[in-house]
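J.: Mind having a look at this structure? Questions to follow.
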Amino acid sequence: MKQATMHAGSVRKKDGFVKTFKKNFPLTLMALPALVVMILFRYLPMSGLLLAFKRFSVRKGIFGSEWVGLKNFEFLFQTSDAWIITRNTICYNALFIFLDLVLAVAMAIGLSELLNKRRAKLYQTIFMAPYFLSWVVVSFMAFSLFSIDDGLFNHLLAYFGMEGVDWYSEPSKWPFILTFFQIWKTIGYSTVMYISSLTGISNDYYEAAIIDGATKWQQIKSITLPCLRPMMIVLTILAIGRIFYADFGLFFQLPRDSGPLYQATQVIDTYVYRALKETGNVGMAAAASLYQSIVGFVLVVGANLVVRRIEPDSALF
Amino acid sequence: MKNLYKRAAALALAATMTAGVLAGCNGSNTTASTGGGEVSTPASGDAADPASQPSSEPQEITQLIWYMSINPVAADTEKVIEKLNEYTREKIGVEIDYKVIANPDYKEKMPNLINAGEYFDICFTSNWTTDYLQFVGKDAFMDITELLPQYAQDTYKFIPEAMWNAVKVNGSIYGVPSYKEMGWQGGLVYNSDMAEAYGLDMTAVTSLEDYTDVLKTVSEKSKAEGKDVVGVSGLTNAWPMAAPYESLTGTPSLPAAGAVPEFKNFADVADQGVFNQYTSEEYMNYCQTVRGWNQSGYLGGDPVNYDSDTANRDNDFNNGALFSYFIQYAPGTAESMSASSGHGVGFAPLMQPLFETRSAMGGLLALSSASEHPEKALEFINLLNTDEYVGTLIRHGIEGEHYTAVGENQVDKTMGGTLTDNGYDYTYGWQFGTPFNQKWDISYPENIEELFMDYNESAIISPNNGFTFDTVPVETQVAALTNTIAEYAPSLETGSVDPADYIPKFLEALNANGAEALITEVKTQLDAFNASK
């Protein structure tokens, strides 16, 4: 391709583009709808980023509003909780990425090793089901477990003669509760991703390995995992790009907005929500969002750079 | 693998952010027909003197878009609006394109619609939904100071001056406030049947400390009967009722309060002028009182969650599983509640009514700064506030279909069935303007308007009434403080934690997040306000 254009460029410069365009016209046409949608909904709204640096006035609009420099970003850093927010957001997400990777791969391999395929499908559906529940629904399910008066856990504790726990005001318990529900809810989805790429591994490898007398464990270690590696890397890089976005539903709905839990549950998204629901400042909301995406962008590029160093074939770009 | 990369690339792009604020789209299906175009007023159309009745000559019909928040949206809304349009077409040459949204959705949708520059003429605004001050600050609403006396003269006279002063921002009026009870009065509604059965004298209750004994009796006597009655709920709103203060920022929870001399409280901090109410002795006392209640089991096991589920609370109250709860009271509420709860309901006030700036912002109708028909819109708002037919129609629906008139001033809405069958039944009508030009439901006492007037006359007007705080210079601090308060206040104010231990932590967090800066800014603006008076 490169050679062709170079060649064409040196001889007939003008025809080159037209010709390539003509040749690829059907393909270009096919890409057009997606391209239009992309420009309309992904690129055009980016002009709204200007809002992060402005004091928004409805009548003056996005472009006419007055500039205020970086003032809209201050509220993210000037709070005494800035450290807690950042720590919670990044640590929880890092933990989720790690657990999700390990558990999803383990489950995908386990399910694909099941000989009874119908049963494998059944389990897969069961694991997938929570993914479709809204966090609001999950929060009420959790409430039925943790409620101080009527919760299942406190009833159980009472049954064993133990003191009930005030779940919604003890931050120390929540890292575990949040992690459990997050994994429980999302694991099915990631498992399916890995199962789909497992089915792509050619059976020849396994047959050859069995002939050579490899055990199941050896097969997994030397064939399955290396074949899954590109998928693992791609999903992880993408997840790292979103490390500064916390799942609002998880951190807001599940703890039922309980104040005493903020030390353990406050993340950037909930902080911004709580901070701006009174004042409704569009500029500050845009600033928070821009800050998150810049961090995300830097992390994706960084993670990709690292991967390209170690294993160029698996890098995203 | 190629497929995979494509998917990965799509995902990556999806992850890129878009900060553009997309407006909540609200497909309207209630566009009233503009057919006809012109309507001549039958009686006066040809003979009337055009100078004295400028609006009754044959004219183009102006269509006004009115965004309204009310809960829940009645099924027969369209019918009622059709009837309303018949009337307003003749009377002022206006047709309403009524876009009504239920309260919880309105809160989310309307700010988006305004921010996105959607066209409208009139919209409902307040300090609890689609914030009035915030959107005045964003130039969303029209300055109607000049137009009001001209196009809504009757309303301008009918609403007391203190209300107009309270809704002024930098000397200009941007909305017509709902004139109902002036100010707010905190207290407890209680099951009076139960109070009588337990031999309680509720008239003796004037403070929270008095109430401890009541709760004790309720708890003991109900347990003796084998029932588990929750003594009191609604504590998340109770603190300002226990020790009323003037909220200078307009948000009572923000730490910038002013003392109201009539209440004789806050002696330890009042000399500071503007003070942080959480540092006061009153706050400590309040928290300790409710901590006692909590530990004695008068609040149920989980007051924070109990408070948030009002449907459950109302249910418990009606069934006698809840004795009382804190509310901001309006005249007639107890009577109307006893009609719906199936037992007697009484009210024990904890304070005299207090009228402060924010009290006037419970509900307003504002004009869009882009409105092309501000005159007509004001004429219509004038009808909502002064015309008996319009008031009753929009509040109770069509006579014979949704209500039957009882005497001069009351309506019966049961229509031979139950209220749930009624296609147009609203518990409150003040969001449409004012209850004073609407007939009253028969569950209200007959002298209800007198009760309102008594209430309004007894209201204490706060020292800095008319002062509105501009949050812009301290937005950063307000954002951080809002979070801090949400973290500490609910558990302190429901007695879920030990105040002696927790209040110092709370105060420390407030100071770390700019409470001082907020108070200083309030002082500066307040001085400027007082100097300009």
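If you read the sequences in order, they're chains A and B.
So the first sequence is numbered by my numbering: it starts at 277 and just counts up by one.
So the second sequence is numbered by my numbering: it starts at 688 and just counts up by one.
From the three backbone atoms N, C-alpha and C, an ideal C-beta is built for every residue, glycine too.
None of these values were measured; they are calculated from a predicted model.
Which whole-angstrom value describes the C-beta separation of B:Ile860 and B:Leu820, a residue pair presumed to lie in contact below a C-beta threshold of 8 Å?
T.: The pair is not a contact, with the Cβ atoms about 13 Å apart (cut-off 8 Å).
J.: Comparing the C-beta of B:Gln821 with each C-beta of chain A, is any distance below 7 Å?
T.: yes
J.: Do the CB positions of B:Val1184 and B:Ala943 come within less than 7 Å of each other?
T.: no
J.: What does the alpha-carbon distance come out to for the pair B:Thr904 and B:Gly886?
T.: 9 Å
J.: Is the Cβ-Cβ distance between A:Ala380 and A:Tyr470 less than 7 Å?
T.: yes
J.: What residue from A:Leu566, A:Ala396, A:Ile586, A:Ser472 has the CA that sits closest to A:Met322's CA?
T.: A:Leu566
J.: DSSP has A:Thr475 in a bridge; who is on the other side?
T.: Per DSSP, none; premise fails for A:Thr475.
J.: Sort B:Asp1112, B:Thr1163, B:Glu1075 by Cα distance to B:Phe1123 and report the nearest one.
T.: Of the listed residues, the one whose Cα sits closest to B:Phe1123 is B:Glu1075.
J.: Which same chain residues end up closer than 6 Å to B:Val1165 when comparing Cβ atoms and leaving out the 5 residues on each side of it in sequence?
T.: Excluding five sequence positions before and after B:Val1165, the CB atoms of its chain that fall closer than 6 Å to its own CB belong to Thr1158, given in chain order.
J.: Please list the terminal residues of the continuous beta strand (DSSP E) segment that includes A:Val414.
T.: Element bounds for A:Val414: not the beta strand (DSSP E) but the alpha helix (DSSP H), 411-422.
J.: With a threshold of 7 Å between beta carbons, is B:Ala1167 in contact with chain A?
T.: Closer than 7 Å to the CB of B:Ala1167 there is at least one CB belonging to chain A.
J.: Quick check: the Cα distance between B:Thr749 and B:Val781, rounded to an integer number of angstroms?
T.: 5 Å
J.: List the residues that DSSP assigns as beta-bridge partners of B:Tyr1090.
T.: B:Glu1086
J.: Please confirm if A:Val344 has its CB atom under 7 Å from at least one CB of chain B.
T.: A:Val344 does not count as touching chain B.
J.: What does the Cβ neighbour count give for A:Asn479, buried or exposed, with the cut at 16 atoms within 10 Å?
T.: exposed
J.: Kindly indicate which residue of B:Gly1201, B:Ile1129, B:Trp1117, B:Gly1078 has the alpha-carbon position closest to the one of B:Met1102.
T.: For B:Met1102, the closest alpha carbon among the candidates B:Gly1201, B:Ile1129, B:Trp1117, B:Gly1078 is that of B:Ile1129.
J.: Decide if B:Leu1037 is buried, meaning its Cβ has at least 16 other Cβ atoms within 10 Å, or exposed.
T.: buried
J.: Keeping to the same chain, check which residues put their C-beta closer than 6 Å to that of B:Ala882; ignore five residues upstream and five downstream.
T.: Within the same chain, B:Ala882 has close Cβ partners Met889.
J.: Could you check how far apart the C-beta atoms of B:Ala1218 and B:Thr1044 are, in whole angstroms? I think they sit under 8 Å.
T.: Not a contact, Cβ separation roughly 17 Å.
J.: Does the CB of A:Ala591 have a neighbour CB from chain B at under 7 Å?
T.: no
J.: Which whole-angstrom value is the C-beta distance of A:Arg532 and A:Tyr444, which I expect to be below 8 Å?
T.: 6 Å
J.: Taking Cβ-Cβ distances below 9 Å as the criterion, which residues of the segment 476-496 of chain A are in contact with chain B?
T.: Gly476
J.: Taking only the alpha-carbon atoms, compute the straight-line gap between A:Lys553 and A:Thr546 and give it to the nearest angstrom.
T.: 10 Å
J.: Please list, in chain order, the chain B residues whose beta carbon lies closer than 8 Å to that of A:Met560.
T.: Glu1162, Ala1166
J.: Any beta-carbon of chain B closer than 7 Å to the one on A:Asp425?
T.: yes
J.: Kindly examine the ligand MN and report whether one of its heavy atoms sits closer than 6 Å to the Cβ of B:Pro1018.
T.: As far as ligands go, the structure on display features none, and thus does not contain the ligand MN.
J.: Should A:Val294 go down as buried or exposed, given a rule of 16 or more other Cβ atoms within 10 Å for buried?
T.: exposed
J.: Any beta carbon from chain B within less than 7 Å of A:Phe351's own beta carbon?
T.: yes
J.: What's the gap between the Cα of A:Asp488 and the Cα of A:Phe528?
T.: 54 Å
J.: Along chain A, in chain order, which residues have C-beta atoms closer than 9 Å to that of B:Ser1056?
T.: Val334, Arg335
J.: Which residues, in order along the segment 810-844 of chain B, keep a beta-carbon less than 8 Å from a beta-carbon of chain A?
T.: Asp818, Gln821, Phe822, Lys825, Asp826, Ala827
J.: Run through chain B and tell me which residues come within less than 7 Å of A:Asn557, C-beta to C-beta.
T.: Result: Glu1162.
J.: Less than 7 Å between CB atoms is the rule here; does A:Glu554 satisfy it with respect to chain B?
T.: yes
J.: Can you find a CB in chain B that lies within less than 7 Å of the CB of A:Ser388?
T.: no
J.: Could you pull out every residue in the same chain whose Cβ sits closer than 6 Å to the Cβ of A:Ala562, ignoring the five residues on either side in sequence?
T.: Leu327, Ala328
J.: Just to confirm, are B:Ser967 and B:Val977 a CB contact at a threshold of 7 Å?
T.: Cβ atoms of B:Ser967 and B:Val977: not closer than 7 Å.
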